[in-house]
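Some notes on the structure that comes next.
There are 2 protein chains.
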Amino acid sequence: MDLDTVRTFVAAADAGQFQEAAAELAVTQQAVSKRIAALERHVGVRLFTRTPRGAELTIDGQAFLPHARELLRVAERAVASVRTGHRPLRVDMLTSRSAASGLMRGFHRAHPEIDLDVVMLFDIEKAVAAIRSGAIDASFRAVAMPGRPLPEDIASVRVLDEPLQLLVGPAHALASARSVTVAQLAGHRIWMPGLVPGTEWTAYYDDLVAEFGLTIEATGPNFGSDALLDTIADTPTLATFMGGQTRLVWPAGHGLRRIPVTDPMPVYPHSLLWHRDNPHPALATLRAHLAATAAGHGAAGTWVPDWAIPR
Amino acid sequence: MDLDTVRTFVAAADAGQFQEAAAELAVTQQAVSKRIAALERHVGVRLFTRTPRGAELTIDGQAFLPHARELLRVAERAVASVRTGHRPLRVDMLTSRSAASGLMRGFHRAHPEIDLDVVMLFDIEKAVAAIRSGAIDASFRAVAMPGRPLPEDIASVRVLDEPLQLLVGPAHALASARSVTVAQLAGHRIWMPGLVPGTEWTAYYDDLVAEFGLTIEATGPNFGSDALLDTIADTPTLATFMGGQTRLVWPAGHGLRRIPVTDPMPVYPHSLLWHRDNPHPALATLRAHLAATAAGHGAAGTWVPDWAIPR
DNA sequence: TATGGATACAACCATTGGTTGTGATCGGGC
DNA sequence: GCCCGATCACAACCAATGGTTGTATCCATA
């Protein structure tokens, strides 16, 4: 199906005749007739009843019309999403399961008129480069990697500390614990597939391991969260970490348990990063929104790596 | 833009390489390469970075991807809307401003999983013919026209009485009335553009006029409700009728008043019509929903034309 | 009955979009 | 260090698509 054809259909439906639609589209009446005929062949039903006084929609045509309009709307938004200049606000985040996703959903609820696009870059290096090039407008990240300070032209503000929670299956030794201390985790196998060396996400866990003597296995390919959850549910000796803000589509019948970690409570510090010179108006709106709805961060009893604390 | 091209883009993005996408789509790798290049030319940005080991999305490509998927989803629904067989439930109603529209919105909220299409046919004759032919599944109408009983194979149930309200501008003599009786309306000019002879909607007003001695002017072309509202607001001697359930997008600053009509209260009786043999599962759901949420009808003190009361 | 305005069909042709064949580039294995 | 295999891009060719012009048909209206 060709969108020019759909556009022609909508124009003809609005005009009530092919000829006027043809004039609007700057083609001949015969071309419109052919396009409509092709569309009818494609969907398999007659969309117009032709009369010597014009063409009016059949019932099928009437039913199809709103869908056709929607199709054109979506197509326009699709093109707008990559148009340089006045394009939707483009935000990068770690994963769709991170707390940043929740923040952006809240922002979208508060400002449904602002068009958003979400991308996921590899690490903070790529994110910073993309922000500087203007390819993205903002990024939710831990502010920096060990020994790599943020460049001067990138601004950042800490927006949310996301507590880590332990995820275990029903047969796990800690399954019935109401909370666990970090010290209690020593000796347990914690599995985090998909941790890629060189990312700040991995640097975070490296620090956690180094400071508290945990064992985290990053082995094995990442087959997605569904597969991870399946394995965790079925393996009594395996646990994993998960962001505490995550609203999972909870698989039924798994018996998975989420257990808060305390003493200290490891939190992943999400900051918003943006370019100081970025003039996108929606960026200012986003910053204002985050400032207004900011949850507590830097609270006592929480732990973050040294390098992730902006000074 | 061509949807086959969009499909190709999504396939290539999923596969991570053109070759595999080409195999899926049963074309050559060169064809995929050309299509992607054409799409990139169309939107004006590079969507993939080509490597000797495949092709991965650029940031623009990442932003475009969900829009592309949405585009394909919408296209599929568009085609499904006219597919004979298992198509969305297709319902006919008088106008988008009638109470039937509100009922269908309620149904959609209660059953968002059921796909709906709304069409508007000319009159009940056309609606009955469409129901018998299977072109539509149900219709919200006054059950019959004077002297034209419903055919045996069409079932109907009264679902809502919609009270008529008087709509006047701020300078109208009745502007400050809290309610008016039908008798008080005699002598006032009531304007109803767009009343087409031969429809049951017009038959309703004919009966109202005949029984209570009102003057209703149906003259002039119907330029849509906006124009009607403008005229009513500006003309001190003109009023119009409007369904009491209507949730208008109320034009600001018009000072329009809605006044209930009493003694008796004229109501427009909406019934649901359907074919007894129609097996569409969503039709049963709709009937059950309407039965469960049915508002009162046939209440004392209301008026409907004789012929509109099913016996 | 002639006319004007509408769509459909036919013939023609430029352009599009597919295939095949080939070249360039990079990573991995030997 | 070199070659092989896998990838994508480019060129040439060709069929099919989709546009235009010209014409036929239909019907409401004067």
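Protein chains in written order, with my numbering: chain F, 1 to 311; chain V, 1001 to 1311. Positions of the beta carbon are idealized from the N, C-alpha and C atoms, including for glycine.
**Rounded C-alpha distance that separates His-1111 (chain V) from Val-1082 (chain V)** = 21 Å
**Asked** Could you give the residue range of the beta strand (DSSP E) that holds Ala-138 (chain F)?
**Response** 138 to 141
**Message:** Check whether the stretch 1163 to 1177 of chain V and the stretch 1127 to 1145 of chain V are in contact - that is, three or more C-beta pairs closer than 8 Å.
**Reply:** no
**Request:** Check the Cβ of Met-1104 (chain V) against every Cβ in chain F and list those closer than 9 Å, keeping chain order.
**Result:** Residues of chain F passing the Cβ test: none, with the nearest at roughly 13 Å.
**Item:** Within the stretch 46 to 127 of chain F, ranges of the beta strand (DSSP E) (whole runs, at least 3 residues)
**Value:** DSSP runs (the beta strand (DSSP E)) wholly in the stretch 46 to 127 of chain F: 48 to 51, 54 to 57, 89 to 92, 116 to 119.
**Item:** Arg-1090 (chain V) to Val-1119 (chain V) span [Cα, whole Å]
**Value:** 7 Å
**Prompt:** For His-342 (chain F), does the three-state DSSP call read helix, strand or coil?
**Reply:** No answer is possible for residue 342 (chain F): it lies beyond the span of chain F, which begins at 1 and ends at 311.
**Asked** For the putative contact between Met-334 (chain F) and Trp-303 (chain F), defined by C-beta atoms under 8 Å, what is the C-beta separation to the nearest angstrom?
**Response** Any property of residue 334 (chain F) remains undetermined from this structure, which presents chain F solely from 1 to 311.
**Message:** In the DSSP output, which residue or residues are listed as bridge partners for Asp-1161 (chain V)?
**Reply:** V:Pro-1269
**Prompt:** Roughly how many angstroms separate the alpha carbons of Gly-1301 (chain V) and Glu-24 (chain F), rounded to a whole number?
**Reply:** If I take the Cα positions, the gap works out to 53 Å.
**Request:** On the DSSP bridge assignment, give the partners of Glu-217 (chain F) in chain order.
**Result:** F:Trp-191
**Asked** What residues of chain V sit near Met-1 (chain F), judged by a beta carbon separation below 9 Å?
**Response** Neighbours of Met-1 (chain F) on chain V, chain order: Asp-1002, Leu-1003, Asp-1004, Ala-1075, Ala-1078, Val-1079.
**Message:** If you measure between the beta carbons of Thr-1058 (chain V) and Ile-1036 (chain V), is that distance less than 8 Å?
**Reply:** no
**Message:** Give me, in chain order, the residues of the same chain whose beta-carbon lies closer than 7 Å to that of Thr-1240 (chain V); leave out the 5 immediate sequence neighbours on both sides.
**Reply:** Leu-1167, Ile-1190, Trp-1191, Met-1192, Leu-1228, Ile-1232
**Asked** Does any CB atom of chain V fall closer than 8 Å to the CB of Leu-71 (chain F)?
**Response** yes
**Item:** Cβ pair Ser-1033 (chain V), Ser-1156 (chain V) closer than 8 Å
**Value:** No Cβ-Cβ contact shorter than 8 Å links Ser-1033 (chain V) with Ser-1156 (chain V).
**Prompt:** So which of F:Phe-18, F:Arg-87, F:Glu-125 has the shortest CA-CA distance to Trp-201 (chain F)?
**Reply:** Scanning F:Phe-18, F:Arg-87, F:Glu-125 for the CA closest to the CA of Trp-201 (chain F) turns up F:Glu-125.
**Item:** Cα-Cα separation, Val-1079 (chain V) to Thr-1005 (chain V)
**Value:** 17 Å
**Prompt:** Near Ala-1291 (chain V), what residues of its chain come up, given a Cβ to Cβ distance below 8 Å and the 5 sequence neighbours on each side ignored?
**Reply:** Closer than 8 Å at the Cβ level, and outside the excluded window around Ala-1291 (chain V), lie Val-1157.
**Message:** Taking beta-carbon pairs under 7 Å, can you tell me which members of the stretch 1129 to 1140 of chain V lie near chain F?
**Reply:** Ala-1130, Ala-1135, Ile-1136
**Asked** Does the distance from the C-beta atom of Pro-1305 (chain V) to that of Asp-1161 (chain V) stay below 8 Å?
**Response** Going by beta carbons, Pro-1305 (chain V) and Asp-1161 (chain V) fall outside the 8 Å limit.
**Message:** Measuring straight from C-alpha to C-alpha, what distance separates Asn-278 (chain F) and Gly-134 (chain F)?
**Reply:** 8 Å
**Asked** Quick one: which chain F residues come within Cβ less than 9 Å of Phe-1064 (chain V)?
**Response** Ala-78, Val-79, Ser-81, Val-82, Asp-117
**Prompt:** Ordered along the chain, which non-local residues of its own chain (more than five positions away) have a Cβ less than 6 Å from that of Leu-3 (chain F)?
**Reply:** Hits under 6 Å: Ala-75.
**Prompt:** At what residues does the alpha helix (DSSP H) containing Ala-1239 (chain V) begin and finish?
**Reply:** No alpha helix (DSSP H) holds Ala-1239 (chain V); the beta strand (DSSP E) holding it covers 1238 to 1243.
**Asked** To which residues of the same chain is Pro-1151 (chain V) closer than 8 Å at the C-beta, ignoring the five residues directly before and after it?
**Response** Val-1128, Arg-1132
**Request:** Per DSSP, which residues does Leu-1167 (chain V) bridge with? Please list them.
**Result:** Bridge partners of Leu-1167 (chain V): V:Thr-1240, V:Arg-1258.
**Prompt:** Is the shortest distance between the beta-carbon of His-1067 (chain V) and the beta-carbons of chain F less than 8 Å?
**Reply:** yes
**Message:** Using CA atoms only, rank isn't needed, just tell me which of V:Arg-1109, V:Pro-1052, V:Thr-1262, V:Ser-1096 is closest to Leu-1286 (chain V).
**Reply:** V:Arg-1109
**Asked** Are Leu-1185 (chain V) and Phe-1140 (chain V) touching if we call contact CB-CB under 8 Å?
**Response** Judged by their CB atoms, Leu-1185 (chain V) and Phe-1140 (chain V) are not nearer to each other than the 8 Å cut-off.
**Request:** State yes or no: is the C-beta of Ala-1012 (chain V) within less than 8 Å of the C-beta of Ala-1026 (chain V)?
**Result:** In this structure, Ala-1012 (chain V) sits away from Ala-1026 (chain V), with a CB-CB distance that is not shorter than 8 Å.
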